[in-house]
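Data block below; observations after.
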């Protein structure tokens, strides 16, 4: 590597045949070392191309489209500045949809995390049949969210859905087929039911993530705490929770991202309606796409920015880096 | 002793109750799939007859059978592509320290933060411009891309845990570097490969929104299963029996596959942060 300076023949004695060969070898290896520097590209190249095509380029196209006037057939009729954004901000439903999206994320993730902490604690105990019970918990995780949402839609059928049959039997629904039994037709009820379904499908991953965190806590930590007189709730608050922090942070983060973008639940249960009264930003974006692609792209950009803001705020408030660097 | 036995009983009872609540919706799916069209209107928990006609009609014309095959193609193709791309990348990053290694792994991790739903408009416009011969091909590429992060991270962890000495010994014994990779390292990393394989397959199989968007122009018979099922729901009177029969065929194998990899999925998903 030091041989970058030009050779000074006068200073060098005759290298002899072996020295020549060595020098030649070094010379010949030089293009080789250039190739070696490119070697990672051969191994990582396909992955980089795939990420570029599927993740990075769509973001560029999306941002670009948000400043374009795009006709119904996807035909681009030139740039139109911030018109898409201005149009979007003037939509009567825009603010409502954003507020509902934030509410949707906060409520679903908060309830999921709280229940997940409880479930994990429960399934961490030793009891006969634990393996089978844990298995049942996997099903909503493995099944497609869309199928689960459809099952709940069917079970909430106002005429003979099983949930309504049950609520009728226990006296919470007075008459089947009535307006009261039509849960998905009333926006506030529909949102509540859909939040419940979102919690239902998020709980398995959350529980398992916290469970794996719990399994990483050695028993002697508790033994030491017991000697100090800390047991039960005190031990949980002062020992378990702080040690679970990394697991909680990761689970919350993954849930935020999933719940923010969750589409199938609302799509299958209400299609975001009546009007846009049960839409979140993802549903709104998909719906706008039918009519105005440019405006839909603008909504996507805002959606995208929101996710990043939420993630950054969350990570900075939890001092995530300290955790990881430690 | 007494107290602890009572406590165990209480814990078990609570856990069983939760397990049952998590099973009930899928039980309802089974029950509904067994209802005849007329009994779909009955107000009862169980039908008086149980029929298999909803399952057999899946394979008749207009049934969901063809869509199941399309979903198999999409999920199988995406899995193959993701593994072909992920294995070399994961292997190289596990074995070599080079400039850009950390940046590469972080970039891959960052893609896990992105959901296809968030960039749907971009994906749609991009793939419309590509004009690939079929939506199936587009869906294979997209699904492979969005599951790459999981595959690379979990495989990287597995390759890192296999001692280099094993490969070196194989090379001394006359196997080339590629031979050592294929005969020694890959078999040892099999659990990781199986996990990545099943995980990618399941998430491509279950994916709905991108499938809905990119197969918009395809004929009904060549759309993935999730899209076909969604099409049923929009109709005037939804045939829930037929719909859930298709749903069951789509769900049961996936649950069994998932049970196989359950233990390793959590570590794969939380990989970037816990390490």
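Protein chains in written order, with the numbering used here: chain A, 9 to 334; chain B, 58 to 332. For every residue, glycine included, the Cβ atom is placed at its ideal position computed from N, Cα and C.
Residue 154 of chain A touches chain B at which residues, Cβ-Cβ below 8 Å?
Sequence index remark: in the first chain, residue 154 of chain A carries index 146 (1-based). Simply 263, 265, 283, 286, 287.
If we count the other Cβ atoms within 10 Å of its Cβ and call it buried at 16 or more, is residue 289 of chain A buried or exposed?
Translated into positions along the first chain, residue 289 of chain A becomes position 281. Residue 289 of chain A should be labelled buried.
Along chain B, in chain order, which residues have C-beta atoms closer than 7 Å to that of residue 62 of chain A?
Residue mapping note: residue 62 of chain A aligns to position 54 of the first chain, counting from 1. Simply 198, 199, 202, 203.
Go through its chain and collect everything with a Cβ distance to residue 198 of chain B's Cβ below 6 Å, but skip five positions before and after it.
Residue numbering aside, residue 198 of chain B sits at position 141 when the second chain is read from its first letter. Result list for residue 198 of chain B: empty, nothing under 6 Å.
Short of 9 Å Cβ to Cβ, which residues in the stretch 159-182 of chain B face chain A?
161, 164, 165, 167, 168, 169, 170, 171, 172, 173, 174, 175, 176, 177, 178, 179, 180, 181, 182
Exposed unless 16 or more other CB atoms sit within 10 angstroms - verdict on residue 148 of chain B:
The residue labelled residue 148 of chain B in the question sits at position 91 within the second chain. By the 10 Å Cβ count, residue 148 of chain B comes out buried.
For residue 240 of chain B and residue 225 of chain B, what's the separation of their Cα atoms in angstroms?
Here residue 240 of chain B is taken as the residue at index 183 of the second chain, counted from 1. Here residue 225 of chain B is taken as the residue at index 168 of the second chain, counted from 1. Rounded to the nearest angstrom, the two C-alpha atoms are 12 Å apart.
How would you list, in chain order, the residues of chain B whose beta-carbon sits under 9 Å from the beta-carbon of residue 202 of chain A?
Numbered from 1 along the first chain, position 194 holds the residue referred to as residue 202 of chain A. Simply none; closest approach about 14 Å.
Given that residue 75 of chain A touches chain B, what residues does it touch there, using C-beta distances under 8 Å?
For the purposes of this step, residue 75 of chain A is taken as the residue at position 67 of the first chain. By Cβ distance, chain B contributes nothing, its closest Cβ being about 13 Å from residue 75 of chain A, past 8 Å.
Whose Cβ in chain A lies nearer than 8 Å to the Cβ of residue 80 of chain B?
What you label residue 80 of chain B is simply residue 23 of the second chain in a count that begins at 1. Chain A residues near residue 80 of chain B: 144, 147.
Mind listing which residues of the stretch 112-144 of chain A have their C-beta closer than 9 Å to chain B's C-betas, in chain order?
127, 130, 131, 133, 134, 135, 136, 137, 138, 140, 141, 142, 143, 144
Which runs of the alpha helix (DSSP H) fall wholly inside the stretch 235-296 of chain A and span at least 4 residues, in chain order?
240-243, 249-268, 272-277
Can you pull the DSSP bridge partners for residue 76 of chain A?
Here residue 76 of chain A refers to the residue found at position 68 when the first chain is read from its first residue. Partner(s): A:87.
Return yes when the Cβ of residue 131 of chain A is within less than 8 Å of the Cβ of residue 141 of chain A, no when it is not.
As a working note, residue 141 of chain A is residue 133 in the first chain. As a working note, residue 131 of chain A is residue 123 in the first chain. Yes, these two residues count as a Cβ contact at 8 Å.
Which class does residue 45 of chain A belong to by DSSP, given the choice of helix, strand or coil?
Locating residue 45 of chain A in the first chain gives position 37, where the first residue counts as 1. DSSP places residue 45 of chain A in helix when its eight states are reduced to three.
C-alpha gap between residue 208 of chain B and residue 216 of chain B, whole angstroms
Within the second chain, the letter at position 151 stands for residue 208 of chain B. Within the second chain, the letter at position 159 stands for residue 216 of chain B. Using only the alpha carbons, I get a separation of about 12 Å.
In chain A, what lies closer than 9 Å to residue 297 of chain B by C-beta?
Numbered from its first residue, the second chain carries residue 297 of chain B at position 240. Under the 9 Å cutoff, chain A gives 158, 162, 165.
In chain order, each alpha helix (DSSP H) run of at least 4 residues that lies wholly inside the stretch 242-289 of chain B:
247-263, 266-271
Within 8 Å, do at least three Cβ pairs link the stretch 297-314 of chain B to the stretch 108-126 of chain B?
yes
What would DSSP say about residue 101 of chain B, mapped onto helix, strand or coil?
Mapped onto the second chain, residue 101 of chain B falls at position 44. Here residue 101 of chain B sits in coil by DSSP.
Ignoring anything shorter than 4 residues or poking outside the stretch 141-219 of chain B, list the alpha helix (DSSP H) runs there in chain order.
158-170, 177-187, 192-218
For a test of the three-state rule: what should DSSP assign to residue 185 of chain A, helix, strand or coil?
Stepping through the first chain from its first residue, residue 185 of chain A is reached at position 177. DSSP places residue 185 of chain A in coil when its eight states are reduced to three.
Spell out a yes or no on whether the stretch 128-138 of chain B and the stretch 257-274 of chain B are touching, meaning 3 or more CB-CB pairs, one atom from each, closer than 8 Å.
yes
With distances taken between CB atoms, is the gap from residue 136 of chain A to residue 69 of chain B smaller than 8 Å?
Indexing the first chain from 1 puts residue 136 of chain A at position 128. Indexing the second chain from 1 puts residue 69 of chain B at position 12. Taking 8 Å as the Cβ cut-off, residue 136 of chain A and residue 69 of chain B qualify as a contacting pair.
Please report how far the alpha carbon of residue 144 of chain A lies from the alpha carbon of residue 88 of chain A, in whole angstroms.
Along the first chain, read from residue 1 onward, the residue named residue 144 of chain A stands at position 136. Along the first chain, read from residue 1 onward, the residue named residue 88 of chain A stands at position 80. Straight-line Cα distance between these residues: approximately 53 Å.
Please report the straight-line C-alpha distance between residue 221 of chain A and residue 298 of chain A, rounded to a whole angstrom.
By 1-based counting over the first chain, the position of residue 221 of chain A is 213. By 1-based counting over the first chain, the position of residue 298 of chain A is 290. Approximately 44 Å, taken between the alpha carbons.
For residue 179 of chain B, collect the residues of the same chain with a Cβ closer than 8 Å to its Cβ; drop the 5 residues on either side in sequence, then sort them by chain order.
Mapped onto the second chain, residue 179 of chain B falls at position 122. Excluding sequence neighbours, residue 179 of chain B sits near nothing in its chain.
Short check: CB of residue 198 of chain A to CB of residue 286 of chain A, under 8 Å?
Here residue 198 of chain A is taken as the residue at index 190 of the first chain, counted from 1. Here residue 286 of chain A is taken as the residue at index 278 of the first chain, counted from 1. Yes, the pair counts as a contact, with Cβ atoms nearer than the cut-off.
Please look up how many angstroms separate the CB atoms of residue 269 of chain B and residue 284 of chain B, rounded, as I've assumed it's under 8 Å.
Here residue 269 of chain B is taken as the residue at index 212 of the second chain, counted from 1. Here residue 284 of chain B is taken as the residue at index 227 of the second chain, counted from 1. Between residue 284 of chain B and residue 269 of chain B the Cβ distance is about 5 Å, and since that is below 8 Å, they are a contact.
Check this for me: beta carbons of residue 201 of chain A and residue 164 of chain A, under 8 Å apart or not?
Within the first chain, the letter at position 193 stands for residue 201 of chain A. Within the first chain, the letter at position 156 stands for residue 164 of chain A. The answer is yes: Cβ separation under 8 Å.
Does DSSP put residue 108 of chain B in a helix, a strand or coil?
For the purposes of this step, residue 108 of chain B is taken as residue 51 along the second chain, with counting starting at 1. Reduced to three states, the DSSP call for residue 108 of chain B is coil.
Check the Cβ-Cβ distances between residue 312 of chain A and every residue of chain B, and say whether any is below 8 Å.
Position 304 of the first chain holds residue 312 of chain A. Yes, contact with chain B.
Given a threshold of 16 other Cβ atoms within 10 Å of its Cβ, counted over all protein chains shown, does residue 97 of chain A qualify as buried or as exposed?
Start at 1 with the first residue of the first chain, and residue 97 of chain A comes out as number 89. Label assigned to residue 97 of chain A: exposed.
Once the 5 residues before and after residue 32 of chain A are set aside, which same chain residues still bring their CB inside 8 Å of it?
As a first step, residue 32 of chain A is located in the first chain; it is residue number 24 there, counting from the start. In this prediction, residue 32 of chain A has a pLDDT of 43, which is less than 50 and means its spatial position is unreliable; nothing more can be read from the coordinates.
Between which residues of its own chain and residue 102 of chain A is the CB-CB distance below 7 Å, once the five residues before and five after are set aside?
Position 94 of the first chain, counted from the first residue, corresponds to residue 102 of chain A. The answer, listed in chain order, is 96.
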